[in-house]
Amino acid sequence: MSVAQLHHVIGGKSVSDPGKNARSNINPATGAEISQAPLDATSAAEQAVRAASEAFPAWAATPVGDRVQHLFRYKALLEERVDELADIVVEEHGKTKAEAIGSVRRGIDCIEHACAAPVLMMGRTLPQIAVSSSFCRTEDEGGVGIDSSVDRLPVGVCVGISPFNFPVMVPMWMWPMAVACGNTFVLKPSEKDPASAVRATEIALEAGLPPGVLNLVHGGPDVVNHLIKHDDVRAVSFVGSTRAGKYIYETAASHDKRVQCMCGAKNHSIIMPDANREAAVDGVIGSAFGNTGQRCLAGSVVVLVGDSPDWFVPALVEGSKKIKVGPGCDAATGMGPMQDAESLERVQSYIGIGVAEGAELLLDGRKTDMPEEGCFAGPTIFDHVTPDMRICKEEIFGPVLSVMRAGTLDEAVEMVNRSEYGNMAVIFSDSGHAVHKFETTVQAGMLGVNVGVPAPMAAFPFAGWKKSFYGDLHTNGEDGVRFFTKSRVTVRRWI
Ligand code: NAD
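The opening position of the sequence shown corresponds to residue 0 in numbering that gives the first Met the number 0, with each subsequent residue numbered one higher.
What follows is the structure, given as structure tokens:
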């Protein structure tokens, strides 16, 4: 099988600056090498920033209504290519085809939102905010009116650094809104599965995006450092782990950039005794094991309140055992492989940690019926987990679910709030009173009520609290528009 040689996309062209090293990527379902990409090509990063800087003045001066025409065309092209992009995602990430298609569709949702930029980036005006009497011709005229307005303007060259787990969707949280608002962009996709981001970028050029408006450069930390310290870069949007995000937030901010970092997570779902049982069990299984637990919105801890363990635990184990683990391209597969061997080792190591910590292993994902080749792990469930255990506190980012028990909702919320992360929290309950209490006391940026994975659509902001987010303005929604624009106030009088 041929191995794809991936190139950068700079100034509207494919550029093959190899850097000092290349990285090979495998299909995690088979172990076969599928692509190679440059790893530390800082010279390519420099070229990409230069291309974006040169393209900026003309693009910023292009009327917003004309800018978004490119995105309308892009959306139409993507609609025809959903399958093509999803197949690349399945091959390089390991997602099931359904999950891959869903992720591309969520990316398209972001393009649609960015197409509304002519309305979203509109400013505000307040006429006659004051009266100046110093230049009036007669006292009868009563003075000269002063008007005031605020405009939203592009910030300049923006950089996006994205993770491996949604290789098409997450870049679309970033660049479509950025370019719709008149900025130019350099995307640094994850080095672990960069082929689908390259293809999505090529399609954007096919849609007519002018050279230099959207650039893509491959690499790891060397390239990231070059970009986030660069004098010509004005804003940095990052999605990935808390460790990398905190570093990027501090480094980019100290180099005078505006920064938003959507980071790691350890999400809890609370199950109340009065919950709809089927919805709760299905919701938790889908949240914990969907995308093989590799979602920032994975519900990896469930807190069972009162007597809910009696009906919840048996159904949870039964339902999880039914998930078929296999290659994402197989229509019967419910859970694909981990994205790489390192991730698989991490999951296996955390299962060992949970056992050593004394949690009760109800389902062991090391023993699932699954292919021997590839990076497979099955669903794992630990019961009687306590808040001080590492499997409860640390982000495993794999299909490992911790079950905890609480006497009351207050106790359950307290357990959730002990987490140093605060990306998402979920409750399953039929009681308005319980849900209201949950909504007013739980500490997380995204909440679900009887919804296992409450992923906000693009018109709403997406980000967490605590160590799940560094910055001020979240991605997507109105926050996204504000992040990619700077405001300017004008005070006006005509004498
Ligand atoms: P990662 O942090 O390893 O990598 C993300 C990006 O940062 C990559 O492009 C990588 O090249 C770069 N990077 C990594 N280490 C770096 C360093 N030391 N210096 C500079 N750049 C560095 O994350 P990942 O493993 O690709 O993705 C999984 C993580 O992303 C999980 O923690 C998950 O929760 C998080 N995530 C968060 C959200 C969210 O919205 N909060 C969404 C998706 C994923």
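Positions of the beta carbon are idealized from the N, C-alpha and C atoms, including for glycine.
Residue i to residue j span [Cα, whole Å]
| i | j | result |
| --- | --- | --- |
| residue 241 | residue 247 | 10 Å |
| residue 93 | residue 150 | 44 Å |
| residue 177 | residue 42 | 24 Å |
| residue 181 | residue 38 | 29 Å |
| residue 279 | residue 233 | 44 Å |
| residue 415 | residue 223 | 33 Å |
| residue 268 | residue 418 | 13 Å |
| residue 58 | residue 341 | 42 Å |
| residue 98 | residue 488 | 44 Å |
| residue 476 | residue 324 | 35 Å |
| residue 225 | residue 447 | 38 Å |
| residue 210 | residue 373 | 39 Å |
| residue 441 | residue 73 | 40 Å |
| residue 47 | residue 120 | 26 Å |
| residue 230 | residue 81 | 37 Å |
| residue 353 | residue 432 | 35 Å |
| residue 466 | residue 263 | 7 Å |
| residue 221 | residue 18 | 11 Å |
| residue 66 | residue 218 | 29 Å |
| residue 321 | residue 331 | 11 Å |
| residue 349 | residue 395 | 7 Å |
| residue 366 | residue 44 | 44 Å |
| residue 60 | residue 52 | 13 Å |
| residue 516 | residue 413 | Residue 516 lies beyond the residue range present for the chain, which begins at 0 and ends at 494; the question has no answer from this structure. |
heavy atom of the ligand NAD below 7 Å from residue i C-beta
| i | result |
| --- | --- |
| residue 182 | no |
| residue 195 | no |
| residue 553 | This structure cannot settle anything about residue 553, because the visible part of the chain is limited to 0 through 494. |
| residue 238 | yes |
| residue 189 | yes |
| residue 288 | no |
| residue 246 | yes |
| residue 262 | yes |
| residue 161 | yes |
| residue 165 | yes |
| residue 467 | yes |
| residue 32 | no |
| residue 21 | no |
| residue 377 | no |
| residue 335 | no |
| residue 470 | no |
| residue 169 | yes |
| residue 24 | no |
| residue 44 | no |
| residue 340 | no |
| residue 224 | yes |
| residue 381 | no |
| residue 179 | no |
| residue 413 | no |
| residue 394 | yes |
| residue 275 | no |
| residue 475 | no |
| residue 199 | no |
| residue 214 | no |
| residue 157 | no |
Sub-8 Å separation of residue i and residue j beta-carbons
| i | j | result |
| --- | --- | --- |
| residue 482 | residue 257 | yes |
| residue 199 | residue 153 | no |
| residue 227 | residue 77 | no |
| residue 33 | residue 3 | yes |
| residue 327 | residue 96 | yes |
| residue 308 | residue 389 | no |
| residue 110 | residue 70 | yes |
| residue 286 | residue 63 | no |
| residue 379 | residue 363 | yes |
| residue 236 | residue 300 | no |
| residue 397 | residue 474 | no |
| residue 296 | residue 423 | yes |
Beta-bridge pairing of residue i - partner residues as DSSP gives them
| i | result |
| --- | --- |
| residue 474 | 461 |
| residue 41 | According to DSSP, residue 41 bridges with nothing at all. |
| residue 449 | Answer is none; residue 449 lacks a bridge partner. |
| residue 382 | 359 |
| residue 24 | 34 |
| residue 29 | Answer by DSSP bridge pairing: none, since residue 29 is not bridged. |
| residue 334 | 324 |
| residue 484 | 153 |
The ligand HEM heavy atom lying under 7 Å from the CB of residue i
| i | result |
| --- | --- |
| residue 219 | For the ligand HEM, the structure offers nothing, since it holds only the ligand NAD. |
Which complete alpha helix (DSSP H) runs does the segment 182–243 hold, if anything under 4 residues is left out? Qualifying alpha helix (DSSP H) stretches, in chain order: 194–205 and 220–227.
Give, in chain order, every unbroken run of the alpha helix (DSSP H) that is at least 4 residues long and sits entirely within the segment 237–325. Considered as a whole, the segment 237–325 harbours 241–253, 276–288 and 307–320 as its complete alpha helix (DSSP H) runs of no fewer than 4 residues, in chain order.
To test your reading of the DSSP string, which unbroken alpha helix (DSSP H) runs of 4 or more residues are found completely within the segment 400–444? Runs of the alpha helix (DSSP H) inside the segment 400–444: 408–416 and 431–440.
Return the chain-ordered ranges of every beta strand (DSSP E) run that is complete within the segment 91–177 and spans a minimum of 3 residues. For the segment 91–177, whole beta strand (DSSP E) runs of length 3 or above, ordered along the chain, are 123–131, 143–153 and 156–160.
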